[in-house]
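Reviewing the structure listed below.
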Amino acid sequence: MIEVIAATLMLSGLIFFLCGSIGLLRLPDLYSRLHALTKADNLGLGLLLAGLALYQRDLLFALKLILIWLAVLAASSASAYLIAQYSRRQDTDR
Amino acid sequence: MIDTLIWLVALPLASALATQLLPRYATAIVISTAIATSINAAALLYAVATHGVMLYQIGGWTAGLGIALRADGLSALLLMMAAIVLLASSIYASAYFNDNPLRRRFWPLWLLLWCSLNALLLSGDLFNLYVTLELLGLSAVALASLGGKTAALQAALRYLLVGLLGSMLFLAGVTLIYAGYGTLDLATLSRVVAAGPIAWSALALMTVGLLLKTALFPLHFWLPPAHGSAPAPVSAVLSALVVKATFYLVMRLWLDIFSEVVTPQAASIPGVLGAAAVLWGSWQALRAERLKLLAAYSTVAQLGYLFLFFPLLQALPAGAARDAAMGGLVILALTHGLAKSGLFLAIGIIQQRSGHDTIRDLDGTAQRLPATTFAIALSGIALIGLPPSGAFLGKWHLLAAAFSAGQWLWVVVIMIGTLLAAAYTFRVLGHAFGQQPYPRHPVTIAAEEWPALILSAFATIGLGLAGAPVWQLLKVSL
Amino acid sequence: MNATNMLFLDILLVIALLSLAWATLTATDARRSVILFIAFGLVLTLAWARLLAPDVALAEAAIGAGLSGALLLAAVQHHPRRALSSERQNTGKLANEKQNDSNPADLKSSVAIRWTLTLFCIALAFVLIWALLQALSSETSDTLAQSVSANLANSGVSNPVTAVLLNFRAYDTLLELAVLLTAVLGIFALSEQRTGYLPAGPVFNGLVSWLVPALILMAGYLLWVGAHAPGGAFQAGATLAAAGVILRLAGKRNIGLPVSKSYLNIILVIGSGLFLLVGLTMLALGRPFLDYPPAMAGYLILLIETAAMISIAATLILAFLGGRPRNREDRSC
Amino acid sequence: MLTAHWLYGLSGCLIMTFGLRAVLLNDSLLQRIIALNVMGTGVFMILITIAYRGPDAAPDPIPHALVLTGIVVAVSATALALTLIRRLTEEQDND
Chain U
0 MIEVIAATLM LSGLIFFLCG SIGLLRLPDL YSRLHALTKA DNLGLGLLLA GLALYQRDLL
60 FALKLILIWL AVLAASSASA YLIAQYSRRQ DTDR
Chain H
0 MIDTLIWLVA LPLASALATQ LLPRYATAIV ISTAIATSIN AAALLYAVAT HGVMLYQIGG
60 WTAGLGIALR ADGLSALLLM MAAIVLLASS IYASAYFNDN PLRRRFWPLW LLLWCSLNAL
120 LLSGDLFNLY VTLELLGLSA VALASLGGKT AALQAALRYL LVGLLGSMLF LAGVTLIYAG
180 YGTLDLATLS RVVAAGPIAW SALALMTVGL LLKTALFPLH FWLPPAHGSA PAPVSAVLSA
240 LVVKATFYLV MRLWLDIFSE VVTPQAASIP GVLGAAAVLW GSWQALRAER LKLLAAYSTV
300 AQLGYLFLFF PLLQALPAGA ARDAAMGGLV ILALTHGLAK SGLFLAIGII QQRSGHDTIR
360 DLDGTAQRLP ATTFAIALSG IALIGLPPSG AFLGKWHLLA AAFSAGQWLW VVVIMIGTLL
420 AAAYTFRVLG HAFGQQPYPR HPVTIAAEEW PALILSAFAT IGLGLAGAPV WQLLKVSL
Chain Y
0 MNATNMLFLD ILLVIALLSL AWATLTATDA RRSVILFIAF GLVLTLAWAR LLAPDVALAE
60 AAIGAGLSGA LLLAAVQHHP RRALSSERQN TGKLANEKQN DSNPADLKSS VAIRWTLTLF
120 CIALAFVLIW ALLQALSSET SDTLAQSVSA NLANSGVSNP VTAVLLNFRA YDTLLELAVL
180 LTAVLGIFAL SEQRTGYLPA GPVFNGLVSW LVPALILMAG YLLWVGAHAP GGAFQAGATL
240 AAAGVILRLA GKRNIGLPVS KSYLNIILVI GSGLFLLVGL TMLALGRPFL DYPPAMAGYL
300 ILLIETAAMI SIAATLILAF LGGRPRNRED RSC
Chain L
0 MLTAHWLYGL SGCLIMTFGL RAVLLNDSLL QRIIALNVMG TGVFMILITI AYRGPDAAPD
60 PIPHALVLTG IVVAVSATAL ALTLIRRLTE EQDND
């Protein structure tokens, strides 16, 4: 039963990743690409890690995964903000 | 006494760190290190002559698991030459960089270069050789670019890229060796290596990498600008020692460790390239407009002579004739090292004194700088190979080996190369002795002129008249 | 994971690596090349981990992809136009500097040379593969790896890679620290540091204020754990350097390096200096160079690694700064 | 011989020769330096591959140590080369 839930979580995580990647490739400008990528991937990673944690059923392992997720969240949101800010400054300079 | 080996590496390294920390005392540190390391090298030479091959296992681990330092006659002789050249050049450099702010940048890199040269000549481990090659390459590039303008930086950058490519190819060869034989220790390798795809391709990769760094024709394109635009003491060491160090490795691989693997066809490749280098390098030296470029192209040619020995040594059976030829090769390499460093130091004096090194405008140099001109003449004698220079002995044995191996083609190349060398030397001297009455003291800048003079004199007279021990020492081999 | 899944992963990794390498090398734009190179490094990290080389994977992530990437990105950032210019154009400026030699840059334009070199590379690839397959299929003796594990107990550490790096082949590592020192001294001789970056905004500052302490903590952990698990001075030094790079990007002054020239020199020299000192002390005690007494080996290795970490971090940060620190305080560009 | 040996050994050789080709033929100095790094990575890959002894056996630590050394040497050389390029472009701008 738990394995089915874990598999569902991971699979849905992968779908979010897929959406994010399609967005990166298809969307017209930088801001919408960033939007697609960071939002979808952060959620996707969270689901994937939740699935993995369930699958392993190990508390320490799950804690490590949560730590990884938090680190990625912080890094990706900050870097997305920086990229967007840099791009906006370039645009206004022009 | 056996600690000599490790001190030859550790002392220059320790002094490099000390000069970085205490720049005020740098000159004193360097000169005392230079003297101590020269004494060390002499002690090693003596020890090798009396006790045979020297071995030092670092960390107390047996070679293979750990890294061993080894010295035989060949490496001890080259270490001694390096010590003489570097001692003289250090004294020269202390005057050359007298009040120059570059001095505090120069000394640590200079000692790191010395450390890497000694480490390379002593190393008995293939991967350790790769590390020493990189240390040598980076310190040489940093020194060559010192205080340089666009042309020098460009030359240094190309030198760096070529050097990195060379060491990467070398490392690829080392990787294949480890994959095939499971060892990095040179002595173990020479016992287990066998002809086959692994040995051939590893040797080919390592050799191409090393030849790129040794600047054998047609891989020499980077050498003239790099050696021609570096500060004078750096040029001296680059031409005399740095290319020799990689040449030493080629020799070690082809004539020692892989000697069972090398076929006559393979050995003729370096021979042919060497012949082309002799002709092309000498011709370009004759056409050069600047003294430093002339000296750099002459290095390309002189390295060519060394490679002419390869097919001959391969063809000669082990015995007296081969030993004689081997001695000729080593004495030619030693003579070139001493003579070329003397020549570059002398050119540096001319460049500093007259602000240029254009050969056409050298008139009156003999009157203004008689000792320097004498040094150029002496090193010229050694480069041509006139008696009593060591190069005369070297070429004599080269010719003898060519006759006894029945390979006549090389004789022609040696003759033409010698004539061209005579032509470019006399071209310089002709201009230097041009009439301009301007009598002065024979020696004007003692700290710069004596080293140049002594190195050239050593090459011409010292090695020529007292070269016999070289053969004796070469009998001590790994 | 079963064998089929592993094979699938292997094939995926190899295809990704080969195509990233190819794309890195054939990109027409230098900036694109750099970014692809960083991606290549990250995928490579996975491959190292897959091949049971976690020490190398850590080093690759921190140094190979991380710091090399930062160095390269800084290089394209500061000279976007010139970094792209070819050597041919550069040598064109030297028309007055007459060179007798044929310039290889001129030759490169010729199609024949291009094809000859390409064919040469293809031939080389075949020879390499041939020799490597020969080597891998021959039953090589495993004596070295066996003697490493046999002597591991006497080495002072239980991570075999650290044992090789800091005990069995410590001499290599000493010379490697000398290589790092040479590079930084060469950089000092060439140029002064670049002008700084703009001070960071609140979001970036917020990230920096917890990322930098975390990185310092992680460096300390990596240093300590290297004795018995993947990690060590190089990974730790690179992590510290990454903290420095982040501080630099956030526009912070001095980024934790001392202002005084002599303190800076001490930091640069301490890695190789202490290593050498330990080696020579053994000599003074009548042992071979770098032969630690087994009882002390663990402590000595930790001491050497700590000093090495400091020098490595300082060297890498200074390499990122691009030269010797200015005496004046940074003015932002 | 394992499948992993085949796959990774082969790609190590290929990556090295890709890199070599780019070092020889690329015009941009910066890209040449990247190519040298890629070439080095190919060699490192061969080393790591020969260290691998299968999923359950401990790998040979010596090539791992060699690659660690190689990575550090490569980053040192890259840093020096990049500074040289920067200084060169500055000099040319001054000319």
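Residue numbers (numbering that gives the first Met the number 0), protein chains in the order written: chain U, 0 to 93; chain H, 0 to 477; chain Y, 0 to 332; chain L, 0 to 94.
Glycine included, each C-beta is placed from N, C-alpha and C at the ideal position.
All of these numbers come straight from a predicted model, not from anything done at the bench.
{"Item": "Beta-carbon spacing of residue 77 (chain H), residue 67 (chain H) below 8 Å", "Value": "no"}
{"Item": "Three-way DSSP call (helix, strand, coil) for residue 245 (chain H) in this model", "Value": "helix"}
{"Item": "Whole-number beta carbon distance between residue 160 (chain H) and residue 96 (chain L), since they are thought to touch under 8 Å", "Value": "Outside the displayed span of chain L (0 to 94) sits residue 96 (chain L), for which this structure offers no information."}
{"Item": "Exposure label - residue 251 (chain Y); buried when at least 16 CB within 10 Å", "Value": "buried"}
{"Item": "Neighbourhood of residue 30 (chain Y) by C-beta distance below 6 Å, restricted to the same chain and skipping five residues each side", "Value": "75"}
{"Item": "Between the CA atoms of residue 312 (chain H) and residue 397 (chain H) - distance to the nearest angstrom", "Value": "10 Å"}
{"Item": "Contacts around residue 82 (chain H), its chain only, beta-carbon distance under 7 Å, and the 5 residues preceding and following it disregarded", "Value": "36, 37 and 40"}
{"Item": "Candidates H:351, H:166, H:399 and H:139: closest to residue 328 (chain H) by CA position", "Value": "H:399"}
{"Item": "Pair within 8 Å by beta-carbon distance, residue 52 (chain Y) and residue 54 (chain L)", "Value": "no"}
{"Item": "Listed by chain order, chain H residues near residue 187 (chain Y) by CB distance under 7 Å", "Value": "104"}
{"Item": "Check whether residue 178 (chain H) and residue 135 (chain Y) have beta carbons under 8 Å apart", "Value": "yes"}
{"Item": "Beta-carbon contacts of residue 357 (chain H) that lie in its chain and below 8 Å, excluding the five residues immediately before and after", "Value": "288, 289 and 290"}
{"Item": "The segment 156 to 167 of chain H: positions lying closer than 8 Å to chain L by Cβ", "Value": "156, 159, 160, 163, 164 and 167"}
{"Item": "Whole-angstrom C-beta distance between residue 221 (chain Y) and residue 241 (chain Y), which should lie under 8 Å", "Value": "In fact, because the Cβ distance is near 11 Å, the residues do not count as touching under 8 Å."}
{"Item": "Those runs of the beta strand (DSSP E) which lie wholly inside the segment 261 to 310 of chain Y and span at least 3 residues", "Value": "none"}
{"Item": "Local conformation of residue 357 (chain H) per DSSP, three classes", "Value": "strand"}
{"Item": "Residues of its chain near residue 275 (chain H), where Cβ-Cβ distance is below 8 Å and the 5 sequence neighbours each way are ignored", "Value": "216, 217 and 303"}
{"Item": "Cβ of residue 314 (chain Y) within 8 Å of any chain H Cβ", "Value": "no"}
{"Item": "Same chain, Cβ closer than 6 Å to residue 239 (chain Y), neighbours up to 5 away in sequence not counted", "Value": "218 and 312"}
{"Item": "Residues, ordered as in the chain, of the segment 163 to 178 of chain Y that lie near chain H by beta-carbon distance below 7 Å", "Value": "166, 167, 168, 169, 170, 171, 174, 175, 177 and 178"}
{"Item": "Cβ distance (whole Å) where residue 28 (chain Y) is taken to contact residue 229 (chain Y) below 8 Å", "Value": "Between residue 229 (chain Y) and residue 28 (chain Y) the Cβ distance is about 36 Å, and since that is not below 8 Å, they are no contact."}
{"Item": "CB-CB length for residue 131 (chain H) against residue 118 (chain H), believed under 8 Å", "Value": "4 Å"}
{"Item": "Own chain residues within Cβ distance below 6 Å of residue 16 (chain Y), not counting five before or after", "Value": "42"}
{"Item": "Residue from H:166, H:272, H:220 and H:326 whose Cα sits closest to the Cα of residue 254 (chain H)", "Value": "H:326"}
{"Item": "Rounded straight-line distance, which links the Cα of residue 18 (chain U) to that of residue 184 (chain Y)", "Value": "49 Å"}
{"Item": "Whether residue 190 (chain Y) touches residue 272 (chain Y) by CB criterion (8 Å)", "Value": "no"}
{"Item": "Whole-number beta carbon distance between residue 88 (chain H) and residue 232 (chain H), since they are thought to touch under 8 Å", "Value": "5 Å"}
{"Item": "Rounded C-alpha distance that separates residue 94 (chain Y) from residue 67 (chain U)", "Value": "Low confidence applies to residue 94 (chain Y): its pLDDT is 37, below 50, so where it sits in the model is not reliable enough to give any reading."}
{"Item": "Bounding residues of the beta strand (DSSP E) (the contiguous stretch that carries residue 55 (chain H))", "Value": "53 to 56"}
{"Item": "Below-8 Å beta-carbon distance, residue 26 (chain H) vs any chain Y residue", "Value": "no"}
{"Item": "Under 8 Å between C-beta atoms of residue 429 (chain H) and residue 363 (chain H)", "Value": "no"}
{"Item": "Residue 224 (chain Y) versus residue 42 (chain U): straight-line alpha-carbon distance, rounded", "Value": "33 Å"}
{"Item": "Residue 495 (chain H), buried or exposed, once every other Cβ within 10 Å from all chains shown has been counted against 16", "Value": "No information on residue 495 (chain H) is available, as it lies outside the stretch 0 to 477 that chain H covers here."}
{"Item": "Contacts around residue 337 (chain Y), its chain only, beta-carbon distance under 6 Å, and the 5 residues preceding and following it disregarded", "Value": "A question about residue 337 (chain Y) goes unanswered here, because the residues of chain Y that appear run from 0 up to 332."}
{"Item": "Residue-chain proximity (residue 206 (chain Y), chain U), Cβ-Cβ < 8 Å", "Value": "yes"}
{"Item": "Own chain partners of residue 302 (chain Y) with C-beta closer than 8 Å, once the 5 adjacent residues on each side are dropped", "Value": "273 and 277"}
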